[in-house]
Amino acid sequence: MQPKTFLQNTPLPKTEARMLLQAVTGWTRAQLITRDGEMLDEGQTADLQAMQQRRLNGEPMAYILGWREFYGRRFRTTPATLIPRPETEHLVEAALQHLPPQGLVWDLGTGSGAVAVTLACERPDASVLASDISPAALAVARQNAADNGADVSFACGSWFDIDRPSEKHGFDLLVSNPPYIEADDGHLQQGDLRFEPANALTDFSDGLSCIRELAAHGAEYLKPGGRLIMEHGWNQGAAVRQILAAAGWTEIETQTDLAGLERITQGRKAV
């Protein structure tokens, strides 16, 4: 099969089709144009057709390709982790804004490690801890740290209950993109979400239980004036602000994403 024949006949969007061709051939986008009349070998053709069928079945491109770009870097992705999304880059930006020199930051529920690794790369002076309840996710995160040359420490456990000593009142920042989709949200049965790990998407409750846990105990692990910064659903800003206020956080504020939707909320530990 020739690449141009595949592009002419595939039912996939052309952008996705080209990405699959690049994955199979190892060619650049320019080479796809200049070499589109060359014949793919039998193995390449079989791989391409298998990948096309996986995509037609709805599997996310990030899982088929095995990577997704985040903050200008490539991150390995597997069904053990959430797929890094552009909205979460706002979480990184908020953290970078408040991370002091030689600061200590803890990424809770790190998944692929995209946030922790990015912070470590952007701020090599900082000390970064990343934790997750899933050993499989941590394996992916560790590989992403190695791939990107990031100095990140890892721990396994559920929120603040992790398998390594974590000194209380020691961190400057806590950051998290916790499971925040409500258990009965129909989006869980649509699109890419069907293939992502459910326990990284939903708390199997009202979408706010993990945020309540972080708000209730986060201050114990922060220095005076330290901040808790969390991503949440577009319609949860008011609820998250109320949760933080009830737990005694100060200077509570919410940032919007590029679509103008409330996406990141933070609070400061009282001095």
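Heads up: the sequence shown runs through residues 60 to 330, numbered per our numbering. In this text, a Cβ means the ideal position worked out from N, Cα and C, and glycines have one as well.
Subject >> Which of helix, strand or coil DSSP assigns to K328 >> reply: Along the sequence shown, one-based indexing puts residue 328 at 269. Coil at K328, not helix or strand.
Original post:
Are N203 and R144 close, meaning C-beta to C-beta below 7 angstroms?
Top reply: Within the sequence shown, numbered from 1, the residue matching residue 203 stands at position 144. Within the sequence shown, numbered from 1, the residue matching residue 144 stands at position 85. Cβ distance not < 7 angstroms, so N203 and R144 don't count as in contact.
Subject >> Three-state secondary structure assigned by DSSP to K63 >> reply: Numbered from its first residue, the sequence shown carries residue 63 at position 4. Looking at K63 - three-state DSSP - the assignment turns out to be helix.
Subject >> Where P143 sits in the DSSP three-state scheme >> reply: As a first step, residue 143 must be located in the sequence shown, where it is residue number 84. Correct three-state label for P143: coil.
Original post:
Just the Cα atoms here: how many angstroms apart are P119 and P283?
Top reply: Position 60 of the sequence shown, counted from the start, is the residue given in the question as residue 119. Position 224 of the sequence shown, counted from the start, is the residue given in the question as residue 283. Using only the alpha carbons, I get a separation of about 42 angstroms.
**OP:** Determine the burial state of S264: buried for a count of at least 16 other Cβ atoms within 10 Å of its Cβ, exposed for fewer.
**Re:** For this step, residue 264 is matched to residue 205 along the sequence shown. Per the 10 Å Cβ criterion, exposed.
Original post:
Between D191 and A205, which are expected to be in contact by the criterion C-beta below 8 angstroms, what is the C-beta distance as a whole number of angstroms?
Top reply: By one-based count along the sequence shown, residue 191 stands at place 132. By one-based count along the sequence shown, residue 205 stands at place 146. Wrong, their Cβ atoms sit about 16 angstroms apart, outside the cutoff.
**OP:** Check R133 in the structure and name its three-state DSSP category.
**Re:** For the purposes of this step, residue 133 is taken as the residue at position 74 of the sequence shown. DSSP places R133 in strand when its eight states are reduced to three.
**OP:** Specify, as a first and last residue, the run of the alpha helix (DSSP H) that D166 falls within.
**Re:** Residue numbering aside, residue 166 sits at position 107 when the sequence shown is read from its first letter. First-last for D166: 163 to 167, but that is the beta strand (DSSP E), not the alpha helix (DSSP H).
Original post:
Name the DSSP bridge partner or partners of W293?
Top reply: Walking along the sequence shown from the start, residue 293 turns up at place 234. In the DSSP output, where bridge partners are listed per residue, W293 has none listed.
Subject >> Buried or exposed (CB count within 10 angstroms, at least 16 for buried), M110 >> reply: The count along the sequence shown starts at 1 and reaches residue 110 at position 51. It is buried - the Cβ of M110 has at least 16 other Cβ atoms within 10 Å.
Original post:
Is the beta carbon of C215 less than 7 angstroms from the beta carbon of L197?
Top reply: The residue labelled residue 215 in the question sits at position 156 within the sequence shown. The residue labelled residue 197 in the question sits at position 138 within the sequence shown. Yes, Cβ-Cβ distance for C215 and L197 is below 7 angstroms.
Original post:
In this structure, does DSSP put K73 in helix, strand or coil?
Top reply: Counting from one through the sequence shown, the residue named residue 73 turns up at place 14. Helix.
Original post:
Looking at the structure shown, is L188 part of a helix, part of a strand, or coil, going by DSSP?
Top reply: By one-based count along the sequence shown, residue 188 stands at place 129. Strand, per DSSP.
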